[in-house]
Amino acid sequence: MIQNVIDLIETVYFFLWGDWIRIPAPWGGNIELPLLVLLLVPTGIYFTIRTRFLQIRLLPDMISILLGRDKEGHGAKNGLSVVQTLIVSTATRVGMGNLAGVVAAISLGGAGSLFWIWITAMIGSATAFIEATLAQLHKTKDPLYGGYRGGPAYYMHDHFNKKRASRGLKEIKSPLAILFALSGLICWCGVSQVVSNSVTSSFYNAFNIPPLYSVIALVILAAVIVLRKNATVRVLDVMVPVMAGLYILMTLWIIITNIGQLPSVLSRIFSEAFGLRQAVAGGFGAVMMNGVKRGLFSNEAGSGSAPCAAAAAESRDPARVGLMQAMGVFIDTVICTCTAMIMLLAPADKVAGLVGMDLLQTAMSCYFGEIGVVFIAVILWLFSFSTFIGILFYARPNIAYLFGDSWISQTAYKLLALVMLFIGGLAAYTFVWDLGDVGVGLMTIFNLIALIPLSGEALKCLKEYEAGSRSH
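The C-terminal residue of the sequence shown carries number 473 in our numbering, and the numbering is unbroken.
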């Protein structure tokens, strides 16, 4: 029975993440396109065109809101501020994908993968704007935690029942919303295991701490935070800016002290991006797909996760929330770029032949000695731990949609996630990890089904925002 379940999960995994189409690339190799790339990239391009490249045009507005020039971005009486919801979504975006994911992309696809991570973020930020704005438009009051809640399940529900109402039918739960919420809860349980295993492995490598000891400490600390009513956001408010800022500053120091190598590194990124160095992973196709896949996985645009945070913002203008979530994709990409630069600026003879986290830790040791290895272990812990706290924030509205306003169901899921956190810290691999990938893949498909027909609402908000901005 268990083997049948595992086989089913693996079948669905390859359906979602396996290569559907192979196109011969101009410079050699093949461009292999999985289903999610076929869905997310065209959607991002479509929304980029429909929003008239808002990620470029309105970048000054995003920065203004983030830096506090727009008072609404930082102030909220009953819910979270716009910037606080950005911090929550950044906590989950800035996670394993920024370290292990980018390391894998560079290891397999070479330096050119970074270029395609940049391109993926550029088009993904438009999708992030649409889904976050919709989450704001369809948010509801949260009687359990206070403030607001929402996300894809809620805008799917409203869209479904609007159609039913037009036919004189009563309101019921949307099947698509139910599928999305279930997929999300499955995904986040799988992510819990990946988070825990990453933390225990890095602490064992850096400090020789047995996984059992570190996972017990991790679970206890996580329980203290997530089982309290509203501790999550307060912790992330401090944790996310510190960890992201520290990582960026460390990388800037590395770039400045190795500034002479920067032109050659940038040249390598752009030349390998188009497979001009044929020795790298089979040419253009492999380089491009490594970057695109890692970029999509890291920035989460289109998966429907970040809108669960965006809905909690207290804002008079949904478009402002959408702009902040678009900014979140850029922040995530800056962190990805930091990881890539740490590896690419390291002496070639020191990192030759290395892959995975060994490559990143060895690169850091070139700059800082053993302290560099410790730094990566600590930063990985911070990234991973903030991801775990963030995904449990995402789970709240989806649990409420499925099971109603009940502290029992909310607490039960938190306890399940803590159990998964404990198991993941001790197990080298379980099928639940694949289950997490299946969950995020299904979330993305269900979310995209709703985004296209509902996108007109978000585009209307964008027009109203721009008209209001011009009138001031």
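Ideal placement from N, C-alpha and C gives every residue a C-beta, glycine not left out.
Measuring CB to CB, does residue i end up less than 8 angstroms from residue j?
i      : j      : result
Gly148 : Thr141 : no
Ile377 : Gln362 : yes
Glu467 : Leu138 : no
Leu436 : Ile10  : yes
Thr334 : Trp117 : no
Ala112 : Arg269 : yes
Phe319 : Thr134 : According to the sequence displayed, residue 319 carries Pro and not Phe. Going by C-beta atoms, Pro319 is nearer than 8 angstroms to Thr134.
Tyr395 : Ala302 : no
Ala122 : Val439 : no
Pro43  : Trp21  : no
Ala341 : Ile173 : no
Phe384 : Leu100 : yes
Sort the options by Cα distance to residue i and report the nearest one.
i      : options                           : result
Gly426 : Leu17, Val192 and Tyr47           : Val192
Leu81  : Ala274, Ala312, Leu355 and Tyr248 : Ala312
Ile249 : Arg58, Tyr368, Pro61 and Cys339   : Cys339
Leu41  : Ala468, Ala459, Leu443 and Leu463 : Leu443
Ile332 : Phe48, Leu34, Val89 and Leu17     : Val89
Lys230 : Lys461, Val266, Arg269 and Asp143 : Asp143
Leu115 : Pro211, Ile343, Gly305 and Ile57  : Ile343
Leu228 : Ile107, Tyr146 and Ile66          : Tyr146
Thr128 : Lys174, Leu383, Leu55 and Pro176  : Leu55
Ile336 : Met244, Ser366, Asn209 and Leu60  : Met244
Ile57  : Tyr205, Gly405, Gly169 and Phe130 : Phe130
Met251 : Leu180, Tyr368, Val234 and Leu222 : Tyr368
Ile366 : Ala207, Gln4 and Gly169           : The amino acid occupying residue 366 in the given sequence is Ser; Ile does not appear at that position. Taking only the C-alpha atoms, the option nearest Ser366 is Ala207.
Leu222 : Arg397, Gly69 and Trp382          : Trp382
Give the C-beta separation of residue i and residue j to the nearest angstrom, bearing in mind that I take them to be a contact with Cβ-Cβ under 8 angstroms.
i      : j      : result
Ala136 : Pro308 : 4 angstroms
Leu346 : Ile255 : 6 angstroms
Leu360 : Val104 : 6 angstroms
Ala218 : Leu419 : Contact flag wrong, Cβ pair sits at about 13 angstroms.
Thr52  : Leu460 : 7 angstroms
Pro153 : Gly305 : 4 angstroms
Can you grab the Cα-Cα spacing for the pair residue i / residue j, in whole Å?
i      : j      : result
Ala232 : Asn399 : 19 angstroms
Trp189 : Trp18  : 18 angstroms
Cys462 : Ser203 : 45 angstroms
Val195 : Ala92  : 15 angstroms
Gly74  : Met63  : Caution is warranted here: a pLDDT of 46 is assigned to Gly74, below 50, making its placement in the model unreliable, and the coordinate value is therefore given only provisionally. Distance between the alpha carbons of Gly74 and Met63: 10 angstroms.
Ala178 : Ser407 : 19 angstroms
Leu253 : Val83  : 28 angstroms
Pro212 : Leu422 : 12 angstroms
Gly125 : Ile446 : 15 angstroms
Ala282 : Ser456 : Only weak support is given to the placement of Ala282: the predicted model assigns it a pLDDT of 43, under 50, and the question is left unresolved by the model.
Ile257 : Phe15  : 43 angstroms
Ala364 : Gly261 : 17 angstroms
Asn162 : Lys171 : 8 angstroms
Leu67  : Ile453 : 28 angstroms
Leu263 : Ala166 : 60 angstroms
Thr12  : Val95  : 29 angstroms
Ser215 : Ile46  : 43 angstroms
Ser316 : Leu267 : 40 angstroms
Tyr205 : Ala428 : 14 angstroms
Ser65  : Phe386 : 29 angstroms
Phe404 : Ser175 : 14 angstroms
Ile424 : Gln85  : 31 angstroms
Gly469 : Leu60  : 17 angstroms
Lys164 : Tyr402 : 19 angstroms
Lys464 : Arg23  : 39 angstroms
Val220 : Ile226 : 10 angstroms
Glu132 : Val441 : 15 angstroms
Ser265 : Asn259 : 11 angstroms
Asp8   : Arg168 : 42 angstroms
Asn209 : Leu180 : 42 angstroms
Arg235 : Ala314 : 15 angstroms
Lys5   : Arg397 : Note that residue 5 is Asn in the sequence shown here, rather than Lys. The alpha-carbon atoms of Asn5 and Arg397 are separated by roughly 31 angstroms.
Whether or not the region 364-379 and the region 388-396 are in contact is what I'm after, with contact meaning three or more pairs of Cβ atoms, one per stretch, closer than 8 angstroms; do they touch? no
Would you say the region 178-195 touches the region 341-353, given that touching needs at least three Cβ pairs under 8 angstroms? no
Between the region 155-172 and the region 261-276, do at least 3 Cβ pairs fall closer than 8 angstroms? no
Take every Cβ of the region 326-336, pair it with every Cβ of the region 233-243, and state whether three or more of those distances are shorter than 8 angstroms. no
So does the region 195-203 actually touch the region 407-418, counting three or more Cβ pairs closer than 8 angstroms? no
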